[in-house]
Amino acid sequence: MVAIHKDSHYSSFHRFLFLSDSGLRCMAGVSVFPRRVKLTRGFGLTRQRTRKGALSVITAALELKPPPYSLDALEPHMSRETLEYHWGKHHRSYVEKLNKQIEETELDNMPLEDIILTAYNKGDMLPYFNNAALAWNHQFFWESMKPGGGGKPSGELLRLLERDFGSFETFVQVFKATAATQFASGWAWLVYKANKLQVENAVHPCPSEEDKKLVVVKSPDALNPLVWDYSPLLTIDVWEHAYYLDFENRRPDYISTFLEKLVSWEVVSTRLEAAQAKAIEREKEEEEERKRREEMKRRGEEEEEEEEEEEEEEEEYVQIRKMATTDDSDKD
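Read in full-length UniProt numbering, the sequence shown has 35 at position 35, and its numbers run on one by one without any break.
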């Protein structure tokens, strides 16, 4: 339920802080989106090719996509006002800033995930990392929810949650605690950890965890599990602007509502299937690479043996020639 009290002087003041000019225009029924921003449905950010200037330079701008539901579809658990502000202002700003940062660079045609990994730069983050990661995180967050969500998952997802956490209820407790204890701004994630960390200089959140299992992690600011080589399945945004209009400073209530009323377990299950398929494909590629290296090593050893044999034969030939030359000299 929307928890803010419109008659409260305290709440009204904070509503003023949170509502930008764009938000006020939304409430008045005026579109907050400039005509130059093309909106399309679906997951992630897509590209729109445009021409610039007299030279007709081709650029591929990332486009902002709306949530896969109307902005009032999550009420009363997440208000239209929150989505207009959070998605319509914050998310849009990340996309627009990123487009400006990568325009006419080698990143201009990269998928967003590749931009994130490039910008992460093995922990020495480049200037455009925050906008790239936050643009991705927010779209992933919108896709993690649905009207009439919550409840309990089923199938393979439930089986792994029970296997890796002991029970679904224990997972819920762990996820709530992780999200609630993320200091200041950040995110809590359920991820599929398929492979050991291979990213140099990165902070490994669960170094002792086994592979091929579900784990819960948290990340500060814009950071996300892609940089740890994990497959994200579910996230909750715990930046204050994600919940303050509806819950003020009651983050635990927001987290509980998210899990009980908003999570789309069907989407999480689909992501798990994709993560497992990706892990299997990677294992095949790694096995093929291992065999290729072993074959190269074997061939190298064989070539080295052949070279040694040739050197021994050449040495024998040289010795024979010396002996023959010595015999000829003795006869003379």
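Glycine included, each C-beta is placed from N, C-alpha and C at the ideal position.
Beta-carbon separation (whole angstroms), residue i vs residue j, contact threshold 8 Å
i: PHE175; j: VAL216; result: 5 Å
i: residue 334; j: SER264; result: With the chain covering 1 to 332 only, the question about residue 334 has no answer from this structure.
i: MET125; j: LEU262; result: So it is not a contact: roughly 30 Å between Cβ atoms.
i: ALA61; j: ASN99; result: 5 Å
i: GLU162; j: VAL267; result: So it is not a contact: roughly 20 Å between Cβ atoms.
i: ALA180; j: ARG251; result: 6 Å
i: GLU260; j: GLY150; result: 5 Å
Separation of residue j from residue i, as counted between CA atoms
i: SER93; j: GLU63; result: 11 Å
i: ASN109; j: ILE115; result: 9 Å
i: ASN224; j: TYR244; result: 22 Å
i: THR105; j: PRO111; result: 13 Å
i: GLU314; j: GLU303; result: 16 Å
i: LEU190; j: TRP136; result: 16 Å
i: LYS152; j: GLU169; result: 9 Å
i: GLU316; j: TYR120; result: 59 Å
i: ASP246; j: GLU113; result: 31 Å
i: PRO34; j: GLU103; result: Summary for PRO34: the model assigns pLDDT 34, below 50, so the residue's position carries little reliability, and this model does not support an answer.
i: LYS322; j: GLU312; result: 15 Å
i: LEU226; j: LYS122; result: 12 Å
i: HIS91; j: VAL238; result: 14 Å
i: ARG290; j: ARG298; result: 12 Å
i: ALA324; j: MET296; result: 41 Å
i: LYS97; j: GLU84; result: 19 Å
i: ALA242; j: LYS89; result: 12 Å
i: ALA73; j: HIS138; result: 17 Å
i: VAL172; j: GLU210; result: 20 Å
i: ASN249; j: GLU287; result: 50 Å
i: VAL318; j: GLU301; result: 25 Å
i: LYS278; j: GLU285; result: 11 Å
i: TRP228; j: GLN101; result: 24 Å
i: GLU305; j: ASP164; result: 50 Å
i: LEU160; j: ILE280; result: 17 Å
i: PRO127; j: LEU107; result: 13 Å
i: GLU308; j: ILE320; result: 18 Å
i: VAL32; j: TYR192; result: Low confidence applies here, because VAL32 scores a pLDDT of 34, under 50, leaving its location unreliable; read the following figure in that light. Roughly 37 Å between the two C-alpha positions.
N- and C-terminal bounds of the alpha helix (DSSP H) containing residue i
i: ALA184; result: Unbroken run through ALA184: none, as it is neither H nor E.
i: residue 337; result: Missing from the structure shown is residue 337; the chain here goes from 1 to 332 and no further.
i: SER93; result: 92-102
i: ARG159; result: 155-165
i: LEU83; result: 80-85
i: ARG251; result: 251-257
i: LEU245; result: 244-247
Proximity to residue i [Cα-Cα], best of the options
i: THR118; options: PHE129, ALA242, ASP108; result: PHE129
i: SER70; options: THR181, PRO147, ASP237, GLN276; result: PRO147
i: GLN276; options: SER185, LEU214, ARG299; result: LEU214
i: LYS212; options: TYR230, TYR120, SER219, GLY150; result: TYR230
i: THR270; options: PRO111, LEU157, TYR120; result: LEU157
i: LEU134; options: GLU309, ALA222, THR181, GLU311; result: ALA222
i: PRO76; options: PHE258, GLU308, TYR317; result: PHE258
i: ALA188; options: SER219, GLU281, GLY166, LEU161; result: SER219
i: GLY186; options: LYS291, TRP142, TYR254, THR235; result: THR235
i: ALA274; options: ARG292, PRO232, ASP253, GLU305; result: PRO232
i: GLU240; options: HIS86, GLU306, LYS65; result: HIS86
i: PHE140; options: ARG290, PRO67, LEU107; result: PRO67
i: ALA177; options: TYR254, LYS97, THR325; result: TYR254
i: residue 344; options: PRO127, LEU272, GLU287, LEU107; result: Residue 344 cannot be examined here, being either before or after the span of the chain that is shown, 1 to 332.
i: THR283; options: ASN249, ALA194, GLY300; result: Sequence inspection shows Glu at residue 283; the Thr mentioned does not correspond to that position. With distances taken between Cα atoms, GLU283 lies closest to ALA194.
i: VAL95; options: LYS65, LEU107, THR82; result: LYS65
Enclosing beta strand (DSSP E) for residue i [first to last residue]
i: PRO111; result: Counting along the chain, PRO111 falls outside any beta strand (DSSP E), and DSSP gives it neither H nor E.
i: PRO220; result: 213-220
Bridge partner(s) assigned by DSSP for residue i
i: LYS65; result: For LYS65, which the question treats as bridged, DSSP gives no partner whatsoever.
i: VAL191; result: VAL215, PRO232
i: MET145; result: VAL263
Residue-chain proximity (residue i, chain B), Cβ-Cβ < 9 Å
i: ILE280; result: Among the protein chains of the structure shown there is no chain B, as only one such chain exists.
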